[in-house]
Every structure is written in structure tokens, then in C-alpha cells.
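Chains A and B supply the protein sequences, listed in that same order.
Be aware that the first sequence starts at 13, since it is given in the working numbering, and climbs by one per residue.
Be aware that the second sequence starts at 483, since it is given in the working numbering, and climbs by one per residue.
Note that beta-carbon positions come from the ideal geometry of N, C-alpha and C, so glycine has one too.
Structure first, commentary second.
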Amino acid sequence: MAEPMRIRATMAGDVADVKVLMNHPMETGLRKDAKTGQLVPAHFIQEITATINGAPVLAANIGSGVSKNPYLGFKVKGPKKGDKVVVNWADNKGDKNTAEATIG
Amino acid sequence: MNALRRNVLKGAAGAGAVAVAVAAGLLKPTQAMAAWNKDAFEAKNVGDAMKGLGVSGPADSKEITIKAPDIAENGAVVPVEVTSGIAGTTSIAIIAEKNGTPLIGDFNLSGGAQGFISTRIKMGQTSLVRAVVKAGGKSYTTAKEVKVTIGGCGG
């Protein structure tokens, strides 16, 4: 099951700096298991969406070329301290996770 | 006799059903967005990946900057930061040109999101890292070479 995800959001002037760290193996489907020699099936995040106070700010499609335990940083102009950031992801196996944080 | 009244009631019931479906999570708002772009992500070369993104002949732009190491010792984790100074940037895509499947990610920005994306990518070998930015219906690109000493795809 999906592990928790961490979000840090801070205001720098009038721009919110949002950093997200997701826990995910991001398997490409090309790597072999060292013990069995079998290919490890592909397992990676495909979609990430982010909203601030319910308004969408980011909708990303990613492939298996993003590193394990993906890090994503983005900047949004306009929000205020105390606004709520929500980040969702979904992977190729239908696993989902969501987390929220308050801009500080 | 009361055909109009019937239609109004029918319409209301239909709208109600949609609202119920949304509430029940059957029709999630996120599903209205573009589904995962399989063609672009499974493309084996840069040209097909760009075609999958709906980009053709992007113009080189100096207003896009890619911050990435000149030499990456570990190809499994290469930090990449793309900043677009182009007004009205709506999306940023990151492509590692010599990866088996070059497209890394496509980030759509809205609601005050700035032309900035920072992430970490895998690179199979030394190659150009390309950023493709869409703004105002046009596309722009720039690239930076990253030398990889140990590849990070498969192995």
C-alpha cells in the first residue's frame, strides 16, 4: 500500500513554493530482480494533480523516467499563508494517494 | 397537455443523476482531464514523443533555463529544474533524449502556477535533457547536456 507523502509549502513574497516528496518505487519494468533474475513489473506514478484551496494549479503526467520516490517542486503566484494545498497521485496499478498541507 | 412540465422534470432528474454520480466518485473531476498520454510516454524516440505531446518544430528559446548537473554520477537520480520566463506558460515537458522512452513528464500549469518545475529524473546514458514549453498555443524548447557516469535505467 502507498506510503505517506510529504508536502512543504512556504510563501516567498507573493509566490508559494511547494515541494512534494512521494514514496513510490517507480519501477520501469526493465529492471531484473537480483535474486530471481525475473523482470520486476512496471509500477510507477502516472498522474499527479495539485490544488490550492480547491483550484487546480498542476496536472502532470509522468512516466517511469522519474526517479524512485519522486520529488516535485512547483511555484504558484497568488495564495496566502494558511491556504490549503492538496496533492493527489495515481499509479499504473490503480493505487492512489493524497496528502494536504497548509501554506506556511 | 403538460409536455413542457414533463420535460422540465426529466431534465432535472438527469442533472440530479450526474450530481449523484460525481458525489459517489463514479465520475471524478480528474477524469475530465487528459488521460495518461500512453503514445507519448511509450514513444521510443524524441520525435514520436513530441508528436504524442502535440508539439511540432518547437522554436529554440533562451527564456527557458534548465538547471541540471553537468556531470551526474548516478543516472538513477538526476535533479532537473526547468524555469520558463515565457509569459503565459501553460505546460512544461521534460525529455531525456537518449532514454529508452525519452519522455519523462508533462506538467500542465494553471491557476497562477509559475513556469517552474523541479524534479529528479533517471538517465540511461549521457544525453541532452530537453525542456519543451507550451505558451499561448506555441511551443518553445531548449536543451542541456548531462554527462552520466553510471546509467540509471534497468541494469
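Check	Outcome
Residue-chain proximity (A/Q58, chain B), Cβ-Cβ < 7 Å	yes
Simplified DSSP assignment, three categories, for B/A617	strand
Distance CB(A/I64)-CB(A/D95) smaller than 7 Å	yes
Residue environment, B/D552, which counts as buried when at least 16 other CB atoms sit within 10 Å	exposed
Cβ of B/R602 within 7 Å of any chain A Cβ	yes
Residues that B/T583 contacts on chain A, provided the C-beta gap is smaller than 7 Å	G75, G77
For A/G85: DSSP bridge partner residues	A/K31, B/S600
A/Q50 classed as buried or exposed, judged by whether at least 16 other C-beta atoms fall within 10 angstroms	exposed
Inter-residue spacing [alpha-carbon to alpha-carbon] between B/A554 and B/K604	10 Å
C-beta neighbour in chain B for A/G25, strict 7 Å	no
Cβ-Cβ distance between B/G536 and B/A525 below 7 Å	no
Through-space distance from B/Y622 to A/G90, alpha-carbon basis	26 Å
Within chain A, partners of B/V528 - CB distance below 9 Å	Chain A residues near B/V528: none, gap ~13 Å exceeds 9 Å.
Residue environment, B/I576, which counts as buried when at least 16 other CB atoms sit within 10 Å	buried
Own chain partners of A/M23 with C-beta closer than 8 Å, once the 5 adjacent residues on each side are dropped	D29, P91, K92, K93, I115, G116
Of the listed residues A/E59, A/R18, A/P16, A/A72, nearest to B/I662 (C-alpha basis)	What is shown of chain B runs 483 to 637, which leaves residue 662 of chain B out entirely.
Closest residue to A/G66 among A/N100, A/K31, A/T48 (Cα-Cα distance)	A/N100
Short CB-CB distance (under 7 Å) between B/I568 and chain A	no
Interface residues of chain B facing A/G90 [CB-CB closer than 9 Å]	G593, G594
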